[in-house]
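Just so you know, the sequences run in chain order A and B.
If you use this note's numbering, the first sequence corresponds to residues 7 to 229, in order.
If you use this note's numbering, the second sequence corresponds to residues 20 to 387, in order.
Shown next, in structure tokens, is the structure this report addresses.
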Amino acid sequence: MGNLVLGIIILLLTIGGWAWGWNYFKDKSEAEYKRLYSQYKADGKLERSEIQDLLANLPAALDRDLSLGALCYETISVTATERNYHYYVCPLCMMRTAYETKATNESEANRLNVLMNINEYRRLVKQVKGIDVKLDESQFCRHCSPGISNPHLLLVVNWENGSDIHKVEDITAEDLEILAEFVQGAVVHKGERDVESLLLDYSPRLKRLLGFPVEAPDEKTAR
Amino acid sequence: MRRKKPTSFLSASFLPTTAVLEMTYRCNHTCIFCSCPWFAPEKKYPVAEEISSRKWREIIDDLCGQGVTHVAFTGGEPLLKEGIEDIIVHAATRAYRCIESKNGGWKKTATRPRLYLLSNGLALNGDVLKLCRRFNVQLSLSLPGLATFQAHTNVDNALGVLDLFRKAREMKIRTTVGITVTRWNLSELYETIAAAFIAGADSLLMNRFLPGGRGLDWSRELFLDGSEMKIMMDTAEEVLKRSDRAGSMGTEIPKCMVDADRYSHLRIATRCSAARDFFVIDPSGYVRVCNHSPERLSHADEIGQLRCHPYWNIFATKDYLPDSCGRCRLMKTCDGGCREAAHIIGHEVNAEDPLFLRLDRKTAEIRT
């Protein structure tokens with residue numbers, strides 16, 4: 007009988023201790039991440055080693071539920087353009103390159119999507135503060151890149167004052183969103199309709215965007 | 020091996036394809052809604068000597084050489100400009116080289132520019148109508164109300180404008196009725212559009228009143244709020260539907276304030292076209308990004324300098340989205356309303372559209 011009571015007490019203590027420890031770990035993880043971020047960001051910029059450390063310490067859980075987003079958000083669809091071409095204005099030379107708005111394959115459709123949303127990309131990249139990143143749109147300008155027939159949008163990351171440059175092709179608006187969120191110290195990504203997801207889930211993609219080795223491919227890195 | 024056709028080409032220049040030429044500062048109306056910056060109460064806009072009709076012809080030659088395909092004549096009242104008829108004839112006989120997208124490919128063509136004349140009609144005579152007919156000039160006549168026409172313009176000529184629509188229709192001239200909608204003429208908007216269509220107007224170009232120019236003195240009285248703007252669009256849609264005509268809003272509206280899908284006949288813009296699709300040259304030859312803008316940029320003689328002009332580049336690259344729009348998902352297809360109206364009232368190009376503000380009587384100062 008005595009052994010049974012002792013067993014129950016040990017079991018309760020184990021469960022309680024595990025729950026306390028889990029909660030403690032969870033809270034500490036997020037709080038510590040924020041502290042770590044503040045410490046690294048104190049001088050206004052993030053070094054490569056600091057970024058890698060932050061990536062490795064992204065919290066796996068939060069002390070609150072993730073938002074599912076508003077369910078009855080009013081949306082207004084895009085009105086169809088009457089034109090059959092779209093002008094791209096180069097921000098460097100200000101010259102205009104006309105693109106057909108009728109895509110005949112996926113590559114052209116992706117390119118058009120980038121062109122149509124280029125201002126959104128520019129706005130988002132400005133929010134990536136603390137590290138030296140910029141968009142390279144030059145392939146879209148027939149004046150700056152006369153020989154390019156299949157242009158791509160590049161994200162350029164300058165490490166070590168430009169001595170180590172990393173370039174990524176075919177980035178998406180979501181890529182820039184997660185990057186901006188990450189360098190601002192966020193631990194969640196706010197997607198469409200403010201639906202939240204852990205930034206940790208995007209860690210492989212963040213590594214790829216920043217030029218760090220990716221350990222194991224997953225579906226996000228394959229995007 | 021079959022060569023892959025190109026899907027893009029470099030434009031003739033950095034300039035947008037539509038040039039709006041303000042022929043003169045002068046006007047024979049004194050519209051209280053007028054947004055011409057030189058009529059603004061503080062008189063900050065630098066008014067210099069008007070350029071000659073000969074100089075205008077040189078500018079038009081240069082613009083056509085730089086890929087301008089559409090030329091609009093406005094003012095002030097363009098018909099008060101000495102030699103306006105010669106300038107129109109000159110423009111109509113120029114040719115520009117362009118590349119058009121046709122049947123999935125690009126085709127090089129040399130063609131005449133399309134011309135537009137925007138007038139209040141007071142000085143418009145039979146000779147000008149013949150000119151419009153001869154050179155296929157699209158005529159846009161301002162009709163800011165019927166009963167309220169005189170209150171808006173200080174001239175009693177609504178019937179005269181309607182008569183011009185009739186004459187233009189008889190001569191097979193394409194016409195547009197231009198209506199700036201204010202609180203004063205909103206209640207007769209249906210009748211105004213209908214009267215213009217019955218008289219012979221082909222299409223509608225409707226603008227919401229925006230503070231600027233002389234209109235700054237009348238902002239509180241004339242400015243439509245969100246619900247009045249909705250009434251304006253619903254009314255226009257109703258007339259357009261009944262008459263099976265096309266119409267468009269000339270001034271962009273913040274996308275969060277309008278459900279554009281509700282309108283099948285009224286085309287509603289949510290993007291700013293300034294320095295992207297059109298630009299303006301003022302009566303002394305200086306370029307502005309749009310007719311509402313109070314910022315005078317480079318002279319037409321040095322038009323290439325615009326490429327390095329920070330103000331031009333803000334508009335050309337659309338680097339002006341309001342911070343207040345934050346993470347709004349509609350920003351991909353919206354510029355947060357009229358950027359120049361925001362500039363005039365909020366003193367910053369990336370300020371909020373006045374639709375989001377309340378305006379003080381006669382001062383246009385903001386009270387949030």
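We treat Cβ as the ideally placed atom computed from N, Cα and C, and that holds for glycine.
**OP:** Under 8 Å between beta-carbons, which chain A residues line up against B:Asn332? List them in chain order, please.
**Re:** Here the neighbours are Pro97 and Met100.
Subject >> Range of the contiguous beta strand (DSSP E) that encloses A:Asn123 >> reply: Element bounds for A:Asn123: n/a, residue is neither H nor E.
Original post:
Alpha carbon to alpha carbon, how far is B:Pro273 from B:His284?
Top reply: Looking at the two C-alpha atoms, the distance is approximately 19 Å.
**OP:** Using a cut-off of 8 Å between C-beta atoms, extract the partners of A:Asn119 located in chain B.
**Re:** The premise fails here: A:Asn119 is roughly 10 Å from chain B at the closest Cβ pair, so nothing lies under 8 Å.
**OP:** For A:Arg148, return the contacting residues in chain B, with the cut-off set at a CB-CB distance below 7 Å.
**Re:** Within chain B, Ser27, Phe28 and Leu29 have C-beta atoms less than 7 Å from the C-beta of A:Arg148, given in sequence order.
Original post:
So, A:Cys147 versus A:Thr103, is the Cβ gap smaller than 7 Å?
Top reply: Result yes, Cβ atoms of A:Cys147 and A:Thr103 sit closer than 7 Å.
**OP:** May I have the straight-line CA-CA distance separating B:Arg358 from B:Asp372, to the nearest angstrom?
**Re:** A direct Cα-to-Cα measurement between B:Arg358 and B:Asp372 gives close to 7 Å.
**OP:** Using a Cβ cut-off of 8 Å, pull out every chain B residue sitting near A:Glu105, in sequence order please.
**Re:** It is worth fixing the name first, because residue 105 of chain A is Tyr in this sequence and not Glu. Near A:Tyr105 (Cβ distances below 8 Å), the residues of chain B are Thr26 and Ser27.
Original post:
Could you check where the beta strand (DSSP E) with B:Lys17 kicks off and where it finishes?
Top reply: Since the first residue of chain B shown is 20 and the last is 387, residue 17 of chain B is not available in this structure.
**OP:** Throw me the rounded Cβ distance for the B:Leu224 and B:Thr201 pair, which I believe falls under 8 Å.
**Re:** So it is not a contact: roughly 15 Å between Cβ atoms.
Original post:
Terminal residues of the continuous alpha helix (DSSP H) containing B:His362?
Top reply: Here the alpha helix (DSSP H) through B:His362 covers Arg358 to Gly365.
Original post:
In the segment 129 to 185 of chain B, which residue ranges form an unbroken alpha helix (DSSP H) of at least 4 residues, counting only runs that do not cross its ends?
Top reply: Counting whole runs of 4 or more residues, the segment 129 to 185 of chain B contains the alpha helix (DSSP H) stretches 145 to 153 and 168 to 172.
Original post:
B:Asn332 lies in the alpha helix (DSSP H); which residues open and close that run?
Top reply: Residues Pro329 to Ala335.
Subject >> Beta-carbon contacts of B:Glu256 that lie in its chain and below 7 Å, excluding the five residues immediately before and after >> reply: Residues of the same chain with a CB within less than 7 Å of the CB of B:Glu256, apart from the 5 flanking positions on each side, are Tyr282, His284 and Leu285 in chain order.
Subject >> B:Val87, enclosing beta strand (DSSP E) - first and last residue >> reply: Run containing B:Val87: none; DSSP gives neither H nor E here.
**OP:** Would you verify that the beta carbon of A:Asn111 is, or is not, closer than 7 Å to some beta carbon of chain B?
**Re:** With 7 Å as the cut-off, A:Asn111 does not count as an interface residue toward chain B.
Subject >> Neighbouring residues, chain A, relative to B:Arg335 (Cβ below 7 Å) >> reply: Per the sequence presented here, residue 335 of chain B reads as Ala, with Arg not at that position. Per Cβ cutoff of 7 Å: Val95 and Met100.
Original post:
Going by C-alpha distance, which of B:Ile212, B:Gly231, B:Asp175 and B:Ala319 is nearest B:Ser267?
Top reply: The residue with the shortest Cα to Cα distance from B:Ser267 is B:Ile212.
**OP:** Give the DSSP-derived three-state secondary structure of A:Gly153 in the structure shown.
**Re:** Judged by DSSP in its simplified three-state form, A:Gly153 adopts coil rather than helix or strand.
**OP:** Return no unless some Cβ of chain A is closer than 7 Å to the Cβ of B:Phe58.
**Re:** No, because no Cβ of chain A sits closer than 7 Å to the Cβ of B:Phe58.
**OP:** Using the Cα positions of B:Leu183 and B:Gly95, report the straight-line distance between them to the nearest angstrom.
**Re:** In a straight line, the C-alpha of B:Leu183 is about 19 Å away from that of B:Gly95.
Subject >> Identity of the residues DSSP links to B:Trp237 by a beta bridge >> reply: Bridge partners of B:Trp237: none, in fact.
Original post:
In the structure shown, what three-state DSSP assignment does B:His109 receive?
Top reply: Collapsing the DSSP output to three states places B:His109 in a helix.
Original post:
Are B:Glu207 and B:Ala166 closer than 7 Å when you measure CB to CB?
Top reply: A Cβ-Cβ contact shorter than 7 Å links B:Glu207 with B:Ala166.
Original post:
Comparing the C-beta of B:Lys74 with each C-beta of chain A, is any distance below 7 Å?
Top reply: Interface residue (Cβ-Cβ distance to chain A less than 7 Å): B:Lys74 is not classified as such.
Original post:
Alpha carbon to alpha carbon, how far is B:Ile103 from B:Cys53?
Top reply: Cα to Cα, B:Ile103 sits roughly 22 Å from B:Cys53.
Original post:
Near B:Leu82, what residues of its chain come up, given a Cβ to Cβ distance below 6 Å and the 5 sequence neighbours on each side ignored?
Top reply: Sequence-distant partners of B:Leu82 (beyond 5 residues in either direction) whose C-beta falls short of 6 Å from its own C-beta, in its chain, are Ala38.
Subject >> Counted within 10 angstroms of its Cβ, other Cβ atoms place B:Lys191 as buried (16 or more) or exposed >> reply: By the 10 Å Cβ count, B:Lys191 comes out exposed.
Original post:
Would you call the CB atoms of B:Phe92 and B:Leu136 closer than 7 Å?
Top reply: B:Phe92 is a Cβ neighbour of B:Leu136, given a cutoff of 7 Å.
Original post:
When DSSP labels each residue in this structure, what does B:Val368 get in the three-state scheme?
Top reply: The answer is coil: DSSP assigns B:Val368 none of H, G, I, E or B.
Original post:
Whose Cβ in chain B lies nearer than 7 Å to the Cβ of A:Asn125?
Top reply: A:Asn125 reaches chain B at Lys337, counting residues in chain order whose Cβ is nearer than 7 Å.
Subject >> alpha helix (DSSP H) segment containing A:Lys108, residue limits >> reply: A:Lys108 -> no alpha helix (DSSP H), and no H or E assigned at all.
Original post:
What's the gap between the Cα of B:Ser72 and the Cα of B:Leu316?
Top reply: Counting only the Cα atoms, B:Leu316 lies some 21 Å from B:Ser72.
Original post:
Relative to the C-alpha of A:Glu183, which residue among A:Asp200, A:Asn156 and A:Gln145 is closest?
Top reply: Nearest C-alpha to A:Glu183: A:Asp200.
Subject >> Nearest to B:Asp320 (by Cα), restricted to the options B:Trp331, B:Ala335, B:Val308 and B:Ser303 >> reply: Scanning B:Trp331, B:Ala335, B:Val308 and B:Ser303 for the CA closest to the CA of B:Asp320 turns up B:Ser303.
Original post:
Taking 7 Å as the CB-CB cut-off, is B:Glu371 touching chain A?
Top reply: It does not: the Cβ of B:Glu371 has no partner Cβ on chain A nearer than 7 Å.
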